[in-house]
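Have a look at the structure below before the remarks.
Residue numbers (my numbering), protein chains in the order written: chain A, 1 to 280; chain B, 1001 to 1067.
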């Protein structure tokens, strides 16, 4: 598990590097090398580190530990074929982590990032609807059962495509530089993570790598099913590239528009699942 | 943070994780114990490693007070 954990961290960071590279090439910039996020993580590890005078020390440091811990837990759950609900509960905890990051520093930029993280909770509603759609067909929310179901019935991507679209929107809302990335938008410097520097930011980079890996792996296992390991990695890269295209070709929305669109998607998904429920 | 404290933090995180990994592979402890130790230990190890790299080994420089 330690090997898988280290691999997930570095491959997740590599995916974020590919994300930046693709966006840059679409915008006709050379862009950073694809291993840039790994270099970032290492670079921050070597920076001088302290706690700002305005920060709440316990929360400022503790939230970094929690951020890495919850995504480590998520990886272990998914690798052991555990419940999808636990993965999504951890996803919700990450919202609290973002909020904690923002509020702990005492910086107004961080605070605004934290507040925006809370108001963008609408992005999680399609996630719950996705769970409902999956449960209607598989009668179980254990990842091992969902994978087993797809071996006989075919990928859920073709059975409930709109649920896959909703999950894709959730992935999109967690990718940097996307239309829904209001918690890190440039008018807030770096949003909730503005004041976390040095080792604290290196920890946050580790968390981001793990989070990206876990969310993409969840999408593949839940909507495509079991694949050989190398095909899972290729599928992750392909999904990342498609997300990068979406991020590069769509403007970053204002907080109000972001929440409105996510709420509309959630409303459509509720109607979709209601129809699925009636028809099944 | 002093270098030896950061090293101690790393060891406190790494040694139990390595130990429970071996015990779990041997089937001597249930998987959830190993998972719990790893979930608690990995974040501490990451921060401990970073703090260890940058921790001062000697006394801090005397600040320049000007003329």
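We put the CB at the ideal spot given by N, CA and C, even for glycine.
This one's a predicted model, so the numbers in the text were calculated from it and none came from an experiment.
Buried versus exposed, by CB contacts within 10 Å (16 or more), residue i
i: residue 21/A; result: buried
i: residue 292/A; result: In the structure displayed, chain A extends from 1 to 280; residue 292/A sits before or after that span and is not available.
i: residue 280/A; result: exposed
i: residue 37/A; result: buried
i: residue 116/A; result: buried
i: residue 1052/B; result: buried
i: residue 1034/B; result: buried
i: residue 179/A; result: buried
i: residue 50/A; result: exposed
i: residue 153/A; result: exposed
i: residue 71/A; result: buried
i: residue 1025/B; result: exposed
i: residue 192/A; result: buried
i: residue 223/A; result: buried
i: residue 256/A; result: exposed
i: residue 1004/B; result: exposed
Pairwise C-alpha distance: residue j and residue i
i: residue 200/A; j: residue 276/A; result: 45 Å
i: residue 1020/B; j: residue 1030/B; result: 9 Å
i: residue 220/A; j: residue 205/A; result: 23 Å
i: residue 1042/B; j: residue 266/A; result: 35 Å
i: residue 203/A; j: residue 271/A; result: 40 Å
i: residue 225/A; j: residue 231/A; result: 11 Å
i: residue 1046/B; j: residue 1010/B; result: 8 Å
i: residue 10/A; j: residue 159/A; result: 33 Å
i: residue 18/A; j: residue 34/A; result: 5 Å
i: residue 1018/B; j: residue 69/A; result: 17 Å
i: residue 47/A; j: residue 157/A; result: 44 Å
i: residue 67/A; j: residue 1037/B; result: 16 Å
i: residue 118/A; j: residue 40/A; result: 27 Å
i: residue 100/A; j: residue 172/A; result: 22 Å
i: residue 245/A; j: residue 23/A; result: 7 Å
i: residue 170/A; j: residue 86/A; result: 16 Å
i: residue 125/A; j: residue 174/A; result: 14 Å
i: residue 7/A; j: residue 56/A; result: 33 Å
i: residue 268/A; j: residue 1054/B; result: 51 Å
i: residue 91/A; j: residue 144/A; result: 19 Å
i: residue 273/A; j: residue 137/A; result: 11 Å
i: residue 1013/B; j: residue 1040/B; result: 8 Å
i: residue 1006/B; j: residue 1044/B; result: 10 Å
i: residue 64/A; j: residue 278/A; result: 44 Å
i: residue 254/A; j: residue 182/A; result: 7 Å
i: residue 96/A; j: residue 1002/B; result: 31 Å
i: residue 207/A; j: residue 215/A; result: 12 Å
i: residue 150/A; j: residue 228/A; result: 15 Å
Residues that residue i bridges to, as DSSP identifies them
i: residue 83/A; result: 142/A
Which of helix, strand or coil DSSP assigns to residue i
i: residue 219/A; result: helix
i: residue 195/A; result: coil
i: residue 31/A; result: coil
i: residue 1004/B; result: helix
i: residue 1026/B; result: coil
i: residue 54/A; result: coil
i: residue 1045/B; result: helix
i: residue 228/A; result: coil
i: residue 251/A; result: coil
i: residue 258/A; result: helix
i: residue 1021/B; result: helix
i: residue 161/A; result: helix
i: residue 176/A; result: coil
i: residue 106/A; result: coil
i: residue 1/A; result: coil
i: residue 101/A; result: helix
i: residue 111/A; result: helix
i: residue 181/A; result: coil
i: residue 47/A; result: coil
i: residue 1016/B; result: helix
i: residue 244/A; result: helix
i: residue 117/A; result: helix
i: residue 154/A; result: coil
Beta-carbon separation (whole angstroms), residue i vs residue j, contact threshold 8 Å
i: residue 113/A; j: residue 184/A; result: 7 Å
i: residue 59/A; j: residue 1/A; result: 29 Å between Cβ atoms; not a contact.
i: residue 163/A; j: residue 133/A; result: 4 Å
i: residue 42/A; j: residue 240/A; result: Actually they do not touch by this definition, with Cβ atoms about 21 Å apart.
i: residue 217/A; j: residue 78/A; result: 6 Å
i: residue 1048/B; j: residue 45/A; result: At roughly 11 Å, the Cβ-Cβ gap does not stay under 8 Å, so residue 1048/B and residue 45/A are not in contact.
i: residue 141/A; j: residue 129/A; result: The Cβ separation is near 14 Å, so there is no contact.
i: residue 209/A; j: residue 12/A; result: 3 Å
i: residue 194/A; j: residue 107/A; result: 6 Å
Proximity test, Cβ basis, 8 Å: residue i and chain C
i: residue 78/A; result: Note that chain C does not occur in the displayed structure, where the protein chains are A and B.
Distance cut-off 7 Å: residue i Cβ against heavy atoms of the ligand ATP
i: residue 1051/B; result: Ligands displayed in this structure: none; no statement on the ligand ATP is therefore possible.
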